[in-house]
Amino acid sequence: MKIKNVRFLKSCTKPSDYPDFPHPEFAFFGRSNVGKSSLINMLVNRKDLVKTGQKPGVTRTINFFVMNDAISLVDLPGFGYARISKEVSGGFMPMLMTYITKRKNLRAAFLLIDIRRVPGDFEHQIITALHNQKVPVAITLTKCDKLTKNQKEKNLRLIEAELGIGRESMFITSAKTGEGKKDLLGVISGAASGAPEEGAGAD
Ligand SMILES: Nc1nc2c(ncn2[C@@H]2O[C@H](COP(=O)(O)OP(=O)(O)OP(=O)(O)O)[C@@H](O)[C@H]2O)c(=O)[nH]1
Ligand SMILES: [Mg+2]
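Per my numbering, the sequence shown starts with residue 5, numbered consecutively.
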């Protein structure tokens, strides 16, 4: 898929503020600092469309972007970072769960997992919530440039065992090298090729 244009649409936190955008939507979930914002920049060939940062907790709202005037990409806050709020480390989970249940035009989700980490409770909760809404989930391993081939192999086995799925069903990516870009764009263009959905705005 060729990226002709991409623009920021809106940043918000609650369903009543979600943009009334009827086209297929793709959202990026994952722990704080896993590389959600960086991956979106990589996919759309832009260094700084989305703000990224070295410290966890950079993205704190739901950010909607529009690509080729036809597809929306959503950068979400991360979960699992204890210092992000006075609450628990799952501080953003309610916002994410509401987004999953309310957003009718969510066509597919990318669940990002740092290839150096084994997924845990938060990832399982997100997978279950997406499955309940019948939203397909693409498990996307990030920061793959950071490991040697042997380390990658070892971690892939741990992640496969934890999620109960094989690596052939996962995407191996790097926002740094561009690895996986073609495959992820293929998921987006494939899933987006259906007609725009009815009632795609907030409920
Ligand atoms: N080496 C390498 N670094 C990466 C990659 N992806 C992201 N990073 C770095 O990881 C850090 C976090 O990236 P972000 O894209 O801000 O992560 P995020 O998931 O959006 O984080 P929050 O918004 O805080 O939830 C930044 O310093 C990025 O430069 C990657 O594929 N390879
Ligand atoms: Mg971010």
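Just so it is clear, CB atoms sit at the ideal spot from N, CA and C, and this is done for glycine as well.
For clarity, every value in this text was computed on a predicted model and none was experimentally measured.
Task: Alpha-carbon spacing of L80 relative to R50, whole angstroms - done: Position 76 of the sequence shown holds residue 80. Position 46 of the sequence shown holds residue 50. The alpha-carbon atoms of L80 and R50 are separated by roughly 18 Å.
Task: Counterpart residues of M71 in DSSP-defined beta bridges - done: As a first step, residue 71 must be located in the sequence shown, where it is residue number 67. BP columns for M71 point to V10, I75.
Open item on the list: Among the candidates S178, F126, I104, K138, whose CA atom is the shortest distance from the CA of T156?
Closed with: In the sequence shown, counting from the first residue as 1, residue 156 sits at position 152. According to the sequence as given, residue 156 is Lys; it is not Thr. Taking only the C-alpha atoms, the option nearest K156 is S178.
- [ ] Quick one: grab the DSSP three-state call for T102.
- [x] Mapped onto the sequence shown, residue 102 falls at position 98. Of the three classes helix, strand and coil, the one that applies to T102 here is helix, per DSSP.
TODO: Say yes only if the C-beta of V78 is nearer than 7 Å to one or more non-hydrogen atoms of ligand 1, and no if none qualify.
DONE: Along the sequence shown, read from residue 1 onward, the residue named residue 78 stands at position 74. False, no ligand heavy atom lies under 7 Å from that Cβ.
- [ ] For I192, I'd like the list of residues in its chain whose CB is within less than 6 Å of its CB, leaving aside the five on either flank, ordered along the chain.
- [x] Translated into the one-based positions of the sequence shown, residue 192 becomes position 188. The residues are F30.
Open item on the list: Quick check on the burial criterion: 16 or more other C-beta atoms within 10 angstroms. Buried or exposed for T63?
Closed with: Here residue 63 refers to the residue found at position 59 of the sequence shown. With 16 or more other Cβ atoms within 10 Å, it is buried.
Open item on the list: I need the boundaries of the beta strand (DSSP E) containing L134, first residue and last residue.
Closed with: Counting from one through the sequence shown, the residue named residue 134 turns up at place 130. Premise fails: L134 lies in the alpha helix (DSSP H), 125-136, not in any beta strand (DSSP E).
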